[in-house]
């Protein structure tokens, strides 16, 4: 399995509770909002504890991969992206978007969240290009396609939709709110 | 400043003595809700350790100044950290070495009676989980009933009283804890007795224990008389030891009765449970001292920390034994059942020998209360 791309990898292997969380908390302070950290730990209790800690501290717990004795936990630093104003005019809500997906219309789903966010929970057949990589990878997309852009809350996908429009894509629709409220089918690296 | 260790043995003593203790439990909220250290005069406050990384100032108001203070976590590390922080704030705080893991594994041996010709019967109280196991000793031989996976404790205890374990029994296929029977048999060459109806899927050799079997311990004959009493499982078997003690397994407890649903057979087994409790047990002497395989609440402990009661008293007081109406009984044991024990299917498969998880995994499977009863 390819490693999931993250901003920081923290080695907490061999450390017993409370150290994995003490170290994660410290490392999280150094991150910018929205960045992703991989925490490697061998303490079995670290999964439940990191999940609960993330919930209480407002960070996103994305998921855990087990590789032998090592647990790789993925977390994303809290961000206030929900409150950012959205500017892309062509918008769809989750329900309309889901109807189109189910109707199997010829649409492309572009997921612009970070690789680890995508890995643990995404719409089947969605294309993963994190927002930060979009400039260099937009050539992978076809300008004539109808492209639905999703992220967690609709903010990053708003920026991505604007970017694509500037580049000459004509049928770009931002899905709001996106994955945080998504009730349709998803798939995960774990399944 | 230094902090003190308060061993699981000391905490057990406080429960038996009904001492006061304030427990600051720094595990996750879900873990705390599921299972905690309980004592009649124990008070609790739960806040996960990771909420305290920046300091304990925020919880100082929650902690009474005049009570002994114990910090508890899952394994130990976080409780030491929090106890040290409290100590820096001027409080005297202890931590629990080994945490809830050690609490779950602690066994306290209590002598519950004498049997024929100088023999003795001991109850091993697994205080943190409510499991009870037994050792019957006579003339240098010992029988072990419903052993837990902490097998060293029995082996060392038997050695300390100069006895050799020759027979090992399980009253039924357990679903709430991992049996130590097989491991002890491997180390001692004792005979492993299991009720055959619970053992149809086991992957190892055993001696089939049928109702009416009598096994003799020591050369002066302490009889262990097997009494088929299905209901919690289809094979559940009780033992009458030396005509004095009724080891009731998971059929009858002090303040509750067994649940018939842990193998997914509630509807089928409820009739068996009724017959065992209301017919087969009725034919026994009311003078028998009931020694169950579990207790559920700390109130069931006697003053010496043991768990036992005369059968006649239970017929009068245990509300699971005083339900005349069969439908009402059926309702009690099939509806509104408590949640099933954690990992109970995996535990059953382990006890059948189908899977062999590592010790750390076994520990994890057993975490939590036993939940074998309906009340």
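Residue numbers (the working numbering), protein chains in the order written: chain A, 3 to 193; chain B, 304 to 678. We treat Cβ as the ideally placed atom computed from N, Cα and C, and that holds for glycine. Values in this document were obtained by computation on a predicted structure and should not be read as measured data.
Review point. At a CB-CB cut-off below 8 Å, which residues of chain A make contact with residue 351 of chain B?
Key: Along the second chain, one-based indexing puts residue 351 of chain B at 48. Near residue 351 of chain B (Cβ distances below 8 Å), the residues of chain A are 51, 54, 55, 58.
Practice item. Give the DSSP-derived three-state secondary structure of residue 85 of chain A in the structure shown. Key: The sequence position of residue 85 of chain A within the first chain is 83, counting from 1. DSSP, read as helix, strand or coil, puts residue 85 of chain A in helix.
Point to revise | Pick from B:373, B:602, B:585, B:638 that is closest to residue 614 of chain B, judged by C-alpha positions | key: One-based indexing of the second chain puts residue 614 of chain B at position 311. For the options B:373, B:602, B:585, B:638, the alpha carbon positioned closest to that of residue 614 of chain B is the one of B:585.
Point to revise | Any C-beta of chain B under 7 Å from that of residue 18 of chain A | key: Counting from 1 along the first chain, the entry for residue 18 of chain A is found at position 16. Interface flag for residue 18 of chain A against chain B is set, since a Cβ pair is found closer than 7 Å.
Practice item. Could you say which of A:77, A:181, A:143 lies nearest to residue 166 of chain A if we only look at CA atoms? Key: As a first step, residue 166 of chain A must be located in the first chain, where it is residue number 164. The shortest Cα separation from residue 166 of chain A among A:77, A:181, A:143 belongs to A:143.
**Study point:** Any C-beta of chain B under 7 Å from that of residue 47 of chain A
**Key:** Taking the first chain and counting its residues from 1, the one referred to as residue 47 of chain A is at position 45. For residue 47 of chain A, the answer is yes, since a Cβ of chain B falls inside 7 Å of its Cβ.
Point to revise | Own chain partners of residue 576 of chain B with C-beta closer than 8 Å, once the 5 adjacent residues on each side are dropped | key: For the purposes of this step, residue 576 of chain B is taken as residue 273 along the second chain, with counting starting at 1. Closer than 8 Å at the Cβ level, and outside the excluded window around residue 576 of chain B, lie 533, 534, 535, 554, 560, 561, 563, 636.
Review point. What's the gap between the Cα of residue 3 of chain A and the Cα of residue 114 of chain A?
Key: Numbered from 1 along the first chain, position 1 holds the residue referred to as residue 3 of chain A. Numbered from 1 along the first chain, position 112 holds the residue referred to as residue 114 of chain A. Any reading at residue 3 of chain A needs caution, since the residue's pLDDT is 47, under 50, leaving its predicted position unreliable; the model's value is listed next. The alpha-carbon separation between residue 3 of chain A and residue 114 of chain A amounts to approximately 21 Å.
Exercise for review: Work out the CA separation of residue 677 of chain B and residue 640 of chain B for me, nearest whole Å.
Suggested key: Numbered from its first residue, the second chain carries residue 640 of chain B at position 337. Numbered from its first residue, the second chain carries residue 677 of chain B at position 374. So the alpha carbons of these two residues sit roughly 7 Å apart.
Point to revise | Whole-number beta carbon distance between residue 353 of chain B and residue 13 of chain A, since they are thought to touch under 8 Å | key: Translated into positions along the first chain, residue 13 of chain A becomes position 11. Translated into positions along the second chain, residue 353 of chain B becomes position 50. In this structure residue 13 of chain A does not touch residue 353 of chain B by the C-beta definition: roughly 19 Å separates them, more than the 8 Å allowed.
Point to revise | Residue nearest to residue 650 of chain B in terms of C-alpha spacing, selected from B:456, B:443, B:479 | key: Mapped onto the second chain, residue 650 of chain B falls at position 347. Measuring from the Cα of residue 650 of chain B, the nearest candidate turns out to be B:479.
Check your understanding: Just the Cα atoms here: how many angstroms apart are residue 657 of chain B and residue 507 of chain B?
Key -> Position 354 of the second chain, counting from 1, holds the residue named residue 657 of chain B. Position 204 of the second chain, counting from 1, holds the residue named residue 507 of chain B. Counting only the Cα atoms, residue 507 of chain B lies some 9 Å from residue 657 of chain B.
Review point. According to DSSP, is residue 411 of chain B helix, strand or coil?
Key: Walking along the second chain from the start, residue 411 of chain B turns up at place 108. Reduced to three states, the DSSP call for residue 411 of chain B is strand.
Point to revise | Where the alpha helix (DSSP H) containing residue 637 of chain B begins and where it ends | key: Along the second chain, read from residue 1 onward, the residue named residue 637 of chain B stands at position 334. It spans 629-637 - the alpha helix (DSSP H) in which residue 637 of chain B sits, taken as one unbroken run.
Exercise for review: State the DSSP-derived secondary structure class of residue 650 of chain B, mapped to helix, strand or coil.
Suggested key: To locate residue 650 of chain B, count along the second chain from 1; it is residue 347. Residue 650 of chain B sits in a helix when the DSSP states are folded into three classes.
Practice item. With DSSP as the reference, label residue 3 of chain A as helix, strand or coil. Key: Counting from one through the first chain, the residue named residue 3 of chain A turns up at place 1. With a pLDDT of 47 at residue 3 of chain A, under the threshold of 50, the modelled position of that residue is not reliable, and the figure given next carries that caveat. Per DSSP, reduced to three states, the secondary structure at residue 3 of chain A is coil, with no helix or strand assignment.
Review point. If you measure beta-carbon to beta-carbon, which residues of the region 18-35 of chain A are closer than 8 Å to chain B?
Key: So the close ones are 18, 19, 20, 21, 23, 24, 27.
Review point. Does the Cβ-Cβ distance between residue 306 of chain B and residue 387 of chain B come in under 7 Å?
Key: Within the second chain, residue 306 of chain B is the residue found at index 3, counting from 1. Within the second chain, residue 387 of chain B is the residue found at index 84, counting from 1. Cβ distance < 7 Å, so residue 306 of chain B and residue 387 of chain B count as in contact.
Exercise for review: Tell me where the beta strand (DSSP E) around residue 348 of chain B begins and ends.
Suggested key: Here residue 348 of chain B refers to the residue found at position 45 of the second chain. 345-349 is the span of the beta strand (DSSP E), which, as asked, contains residue 348 of chain B.
Exercise for review: Tell me, please, whether the region 93-106 of chain A touches the region 57-72 of chain A by the rule of three or more beta-carbon pairs shorter than 8 Å.
Suggested key: Result no; under three Cβ-Cβ pairs closer than 8 Å.
Point to revise | Cβ-based burial, residue 629 of chain B [other Cβ within 10 Å; buried from 16] | key: Sequence index remark: in the second chain, residue 629 of chain B carries index 326 (1-based). It is exposed - the Cβ of residue 629 of chain B has fewer than 16 other Cβ atoms within 10 Å.
**Study point:** Sequence-distant residues of its chain with Cβ nearer than 7 Å to residue 620 of chain B (five each side left out)
**Key:** Translated into the one-based positions of the second chain, residue 620 of chain B becomes position 317. For residue 620 of chain B, where only same-chain residues beyond five positions count, there are no Cβ hits under 7 Å.
Exercise for review: For residue 659 of chain B, decide whether its Cβ has a neighbour in chain A, counting only Cβ atoms nearer than 7 Å.
Suggested key: As a first step, residue 659 of chain B is located in the second chain; it is residue number 356 there, counting from the start. Under the Cβ distance rule, residue 659 of chain B does not count among the residues neighbouring chain A, no pair being separated by less than 7 Å.
**Study point:** Per DSSP, cross-strand counterpart(s) of residue 513 of chain B
**Key:** On the second chain, residue 513 of chain B is found 210 positions in, with the first residue counted as 1. DSSP lists no beta-bridge partner residue for residue 513 of chain B.
Review point. Which word fits residue 622 of chain B, buried or exposed, when buried means at least 16 other C-beta atoms lie within 10 angstroms of its C-beta?
Key: Locating residue 622 of chain B in the second chain gives position 319, counting from the first residue. By the neighbour-count rule (16 or more Cβ atoms within 10 Å), residue 622 of chain B is not buried but exposed.
Review point. In the region 308-389 of chain B, which residue ranges form an unbroken beta strand (DSSP E) of at least 3 residues, counting only runs that do not cross its ends?
Key: Fully enclosed beta strand (DSSP E) runs of 3 or longer: 324-328, 345-349, 372-375.
Exercise for review: Please go through the same chain and pick out, in chain order, the residues whose beta-carbon is closer than 7 Å to the beta-carbon of residue 345 of chain B, but skip the five residues on each side of it.
Suggested key: The count along the second chain starts at 1 and reaches residue 345 of chain B at position 42. Excluding positions up to five away in sequence, the list reads 324, 326.
Exercise for review: State whether the region 36-54 of chain A contacts the region 11-27 of chain A, with contact taken as three or more CB pairs (one from each stretch) at a distance under 8 Å.
Suggested key: Touching, yes, given that three or more Cβ pairs across the two stretches are closer than 8 Å.
Review point. Where residue 405 of chain B and residue 582 of chain B are concerned, what is the direct C-alpha to C-alpha distance, given to the nearest angstrom?
Key: Walking along the second chain from the start, residue 405 of chain B turns up at place 102. Walking along the second chain from the start, residue 582 of chain B turns up at place 279. So the two alpha carbons sit approximately 40 Å from each other.
Review point. Who are the near neighbours of residue 169 of chain A in its chain, counting only those whose CB is closer than 7 Å to its CB and skipping five residues on each side?
Key: Counted from its first residue, the first chain places residue 169 of chain A at position 167. Only 140 meet the Cβ criterion.
Check your understanding: Is the beta carbon of residue 20 of chain A sitting closer than 7 Å to the one on residue 380 of chain B?
Key -> One-based indexing of the first chain puts residue 20 of chain A at position 18. One-based indexing of the second chain puts residue 380 of chain B at position 77. Judged by beta-carbon spacing, residue 380 of chain B lies within the 7 Å limit of residue 20 of chain A, meaning their Cβ atoms are closer than that value.
Review point. In its own chain, which residues sit with a C-beta less than 6 Å from the C-beta of residue 93 of chain A, not counting the 5 before and 5 after it?
Key: Along the first chain, read from residue 1 onward, the residue named residue 93 of chain A stands at position 91. 176, 178, listed in sequence order.
Review point. What's the gap between the Cα of residue 674 of chain B and the Cα of residue 643 of chain B?
Key: Position 371 of the second chain, counted from the first residue, corresponds to residue 674 of chain B. Position 340 of the second chain, counted from the first residue, corresponds to residue 643 of chain B. As the crow flies, the alpha-carbon of residue 674 of chain B is around 6 Å from that of residue 643 of chain B.
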